[in-house]
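Numbering (this note's numbering), first residue to last: 106 to 514. Every residue gets a Cβ at the ideal spot worked out from N, C-alpha and C, and that includes glycine. Input: a single structure, listed below in structure tokens.
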């Protein structure tokens with residue numbers, strides 16, 4: 106699906122948008138619920154990823170195809186490895202077979218797991234024969250994707266002897282690790298995270314409890330971008346968000362102040378207001394704890410005509426696409442002066458935007474949504490626009506609510 110996006114009749118917007126539950130929290134809680142079935146969950150994400158996770162958890166034997174859902178690949182690898190009697194082949198899209206799982210597989214094997222590669226060494230598809238895992242000590246490099254770490258932590262309380270996980274080196278994506286431990290804490294699992302050592306105690310059963318998923322801050326980022334690119338006075342309310350969020354992407358509140366966007370917590374949501382125009386020539390952010398908002402920030406800066414230097418982006422190369430190269434290609438089409446390394450992005454300040462450009466999305470939901478706010482500056486075309494369903498199926502409908510022109514070509 107190819108969509109032509111154009112600006113609303115006015116750049117002074119007023120609206121209220123309901124965003125569904127965090128994909129990150131939802132996938133963690135779905136796995137926890139599979140281990141402890143008397144837990145109930147409200148406000149689950151309606152994303153493709155959460156749906157893939159739900160379907161995968163119901164399978165006990167055969168093929169589990171998670172398509173593009175990288176989180177499900179990592180989490181289900183740990184889950185099925187620890188489930189005695191279950192035997193599955195875990196696979197996904199072509200891109201998924203290019204995304205490494207070796208570090209996680211080796212960690213699980215060191216605990217006694219039975220996992221075999223069906224194709225290229227270190228990559229899906231993988232065949233998993235579930236076993237009772239008795240060993241309880243494992244180590245991982247600290248600078249890898251937090252999803253590998255969380256995959257082990259989520260199954261830890263269900264293991265007979267719990268788990269001691271040592272992280273070697275400098276830890277990245279700490280908020281996502283803390284999110285996992287906080288969710289385990291909500292169901293009564295005892296854990297500790299001191300220095301580079303994480304300990305999770307075993308827990309045979311937990312009391313019945315209803316857990317409410319906070320809405321997704323990554324999804325909120327696109328509305329922060331819209332407000333930043335709009336006129337002073339624009340106001341968009343979003344629900345359901347918490348001031349003491351577990352999500353690393355909640356750093357948006359502080360970052361977008363630099364772009365003139367004020368955040369007010371009200372009831373069970375937030376209100377974004379454009380208070381003033383950005384006076385900065387360039388901004389510099391370290392995003393090691395929130396890499397998923399890098400695309401949004403880069404596009405916001407380009408739309409505002411300011412420069413940026415973003416660091417801590419080493420995990421972006423193994424996402425749905427190589428997001429750094431994708432940003433370089435697509436922003437260059439629009440006239441940006443941009444350079445990337447394997448973990449940084451640098452954008453020079455520029456006041457010009459080439460109109461009517463077609464943005465390729467590379468089967469990456471965040472490419473589609475991060476570039477959409479630029480329609481406030483010039484008409485653009487988004488190719489493969491349906492990819493938003495991976496995390497935010499209602500995104501284009503919500504843009505129409507804001508009176509953007511969204512036309513299928």
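| query | result |
| --- | --- |
| 7 Å CB neighbourhood of residue 218 in its chain, flanking five on each side removed | 186, 236, 238 |
| Supposed close pair residue 415, residue 450 - CB separation, criterion 8 Å | 5 Å |
| Residue 474, buried or exposed, once every other Cβ within 10 Å from all chains shown has been counted against 16 | buried |
| Element boundaries [beta strand (DSSP E), containing residue 343] | 340 to 344 |
| Identified DSSP bridge partners for residue 417 | Beta-bridge pairing links residue 417 to no other residue. |
| Three-pair Cβ contact test at 8 Å for the stretch 461 to 472 versus the stretch 431 to 439 | yes |
| The stretch 255 to 263 contacting the stretch 298 to 312, beta-carbon criterion three pairs below 8 Å | yes |
| C-beta atoms of residue 231 and residue 195 nearer than 8 Å | yes |
| Start and end residues, alpha helix (DSSP H) containing residue 280 | 279 to 291 |
| Own chain residues within Cβ distance below 7 Å of residue 271, not counting five before or after | 244, 301, 302 |
| Cα-Cα separation, residue 476 to residue 398 | 12 Å |
| Residue 351 - DSSP class collapsed to helix/strand/coil | coil |
| Straight-line gap, residue 206 to residue 347 (C-alpha atoms, nearest Å) | 33 Å |
| Whole-Å CB distance - residue 374 paired with residue 344, under 8 Å assumed | 3 Å |
| Simplified DSSP assignment, three categories, for residue 128 | helix |
| Cβ distance (whole Å) where residue 119 is taken to contact residue 340 below 8 Å | 5 Å |
| Helix, strand or coil at residue 465 [DSSP, three-state] | coil |
| Cβ shell of residue 178 (< 8 Å), same chain only, five flanking positions each side left out | 171, 195, 197, 201, 204, 206, 229 |
| Whether residue 127 touches residue 425 by CB criterion (8 Å) | no |
| Beta carbon of residue 147 nearer than 8 Å to that of residue 495 | no |
| Contact test: residue 308 Cβ vs the ligand SAM heavy atom, cutoff 7 Å | As presented, the structure is devoid of all ligands, the ligand SAM included, so that no description of it is given. |
| Neighbourhood of residue 280 by C-beta distance below 6 Å, restricted to the same chain and skipping five residues each side | 353, 394 |
| Residues that DSSP places opposite residue 274 in a beta bridge | The partner list for residue 274 (beta bridge, DSSP) is empty, contrary to what the question assumes. |
| Beta carbon of residue 445 nearer than 8 Å to that of residue 469 | no |
| Cα-Cα separation between residue 299 and residue 285, rounded to whole angstroms | 15 Å |
| Cβ of residue 212 within 8 Å of any chain C Cβ | Here chain C cannot be found, since the structure has a single protein chain. |
| Own chain residues within Cβ distance below 8 Å of residue 380, not counting five before or after | 337, 365, 366, 367 |
| Reduced DSSP category for residue 428 - H, G, I as helix; E, B as strand; rest coil | helix |
| As assigned by DSSP and simplified to three states, the class of residue 390 | strand |
| Buried/exposed call for residue 58, threshold 16 Cβ in 10 Å | Within the shown structure, residues of the chain are numbered from 106 to 514, placing residue 58 beyond reach of any answer. |
| Distance between residue 428 and residue 447 (C-alpha atoms, nearest Å) | 10 Å |
| Segments of 4+ residues assigned as alpha helix (DSSP H) that fall wholly inside the stretch 445 to 509 | 470 to 476, 500 to 506 |
| Where residue 154 sits in the DSSP three-state scheme | helix |
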